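Asker: Take the sequence shown: its position 17, counted from the start at 1, is 20 in the working numbering, and no numbers get skipped. My structure is below; once you've seen it, I'll send some questions.
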Amino acid sequence: MNGTLSILIVDDNPAMVTSLADVLILKGFEVRTASTAKKALAILQDHPVDVLITDVIMPESNGLELFRAARDVYPELITWFMTAYAADDLIQQGLKEGIKTVLNKPLDMDLLILFLNAIKKS
Numbered sequence: 004m005n006g007t008l009s010i011l012i013v014d015d016n017p018a019m020v021t022s023l024a025d026v027l028i029l030k031g032f033e034v035r036t037a038s039t040a041k042k043a044l045a046i047l048q049d050h051p052v053d054v055l056i057t058d059v060i061m062p063e064s065n066g067l068e069l070f071r072a073a074r075d076v077y078p079e080l081i082t083w084f085m086t087a088y089a090a091d092d093l094i095q096q097g098l099k100e101g102i103k104t105v106l107n108k109p110l111d112m113d114l115l116i117l118f119l120n121a122i123k124k125s
């Protein structure tokens with residue numbers, strides 16, 4: 004993958020989105036954010052990304068539903084779940100359907116950046 008890695012972060016917690024985006028931007032990644040699955044899908048229509056990092060549990064639509072909708076448009080989109088809650092059924096179904104990684108909150112930023120850099124080099 005050449006150039007800057009583009010990432011879409013989706014989480015209904017504004018503080019989480021802002022802090023994660025700030026760190027990733029400082030590390031040289033292109034970052035877009037959304038607070039709902041609906042907003043994320045609108046962003047993806049105009050700005051395809053390399054990696055989608057989405058919360059699993061959100062009010063209007065969960066991360067699995069977002070993953071499925073995004074995958075219909077971008078089948079090769081790398082998608083990771085992040086969660087602070089036990090959502091075993093959603094996580095297991097997501098892994099069966101192609102979610103690549105599940106990150107537990109609070110996120111290990113060093114590990115996240117290591118994963119992202121590995122994608123950038125591939």
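Cβ atoms here follow ideal geometry from the backbone N, Cα and C, with glycine treated the same way. These numbers come from a predicted model, not from an experiment.
Output the distance between the C-alpha atoms of Leu-119 and Leu-8, rounded to the nearest integer angstrom.
Answerer: For the purposes of this step, residue 119 is taken as the residue at position 116 of the sequence shown. For the purposes of this step, residue 8 is taken as the residue at position 5 of the sequence shown. Distance between the alpha carbons of Leu-119 and Leu-8: 8 angstroms.
Asker: Based on the DSSP secondary-structure assignment, which residues constitute the bridge partners of Ala-37?
Answerer: Stepping through the sequence shown from its first residue, residue 37 is reached at position 34. Answer by DSSP bridge pairing, in chain order: Val-13.
Asker: Name the residue from Leu-115, Leu-69 and Met-112 whose alpha carbon lies nearest to the alpha carbon of Ala-40.
Answerer: As a first step, residue 40 must be located in the sequence shown, where it is residue number 37. It is Leu-69 whose Cα lies nearest to the Cα of Ala-40.
Asker: Pair every Cβ in the stretch 42-60 with every Cβ in the stretch 69-81, then say whether three or more of these pairs are closer than 8 angstroms.
Answerer: yes
Asker: In whole angstroms, give me the CA-to-CA distance for Gly-6 and Tyr-77.
Answerer: The count along the sequence shown starts at 1 and reaches residue 6 at position 3. The count along the sequence shown starts at 1 and reaches residue 77 at position 74. Those two C-alpha atoms are separated by around 19 angstroms.
Asker: Please confirm if the stretch 104-116 is in contact with the stretch 17-31, defined as three or more CB-CB distances below 8 angstroms between the two stretches.
Answerer: yes
Asker: Excluding sequence positions up to five away, which residues of its chain have a Cβ less than 6 angstroms from the Cβ of Tyr-88?
Answerer: Translated into positions along the sequence shown, residue 88 becomes position 85. Ile-60, listed in sequence order.
Asker: Where do the ends of the alpha helix (DSSP H) carrying Asp-92 lie?
Answerer: Counting from 1 along the sequence shown, the entry for residue 92 is found at position 89. From DSSP, the alpha helix (DSSP H) with Asp-92 extends over 91-100.
Asker: Between Leu-27 and chain B, is the shortest Cβ-Cβ distance under 8 angstroms, so that the two count as touching?
Answerer: Looking at the structure shown, chain B is missing, and only one protein chain is on hand.
Asker: Have a look at the DSSP bridge pairing and note the partners of Val-54.
Answerer: Residue numbering aside, residue 54 sits at position 51 when the sequence shown is read from its first letter. DSSP lists Ile-10 and Ile-81 as partners of Val-54.
Asker: Taking its Cβ as the centre, do 16 or more other Cβ atoms sit within 10 Å of Thr-121, making it buried, or is it exposed?
Answerer: As a working mapping, residue 121 is identified with position 118 in the sequence shown. The amino acid at residue 121 is misidentified as Thr; the sequence shows Ala. Label assigned to Ala-121: exposed.
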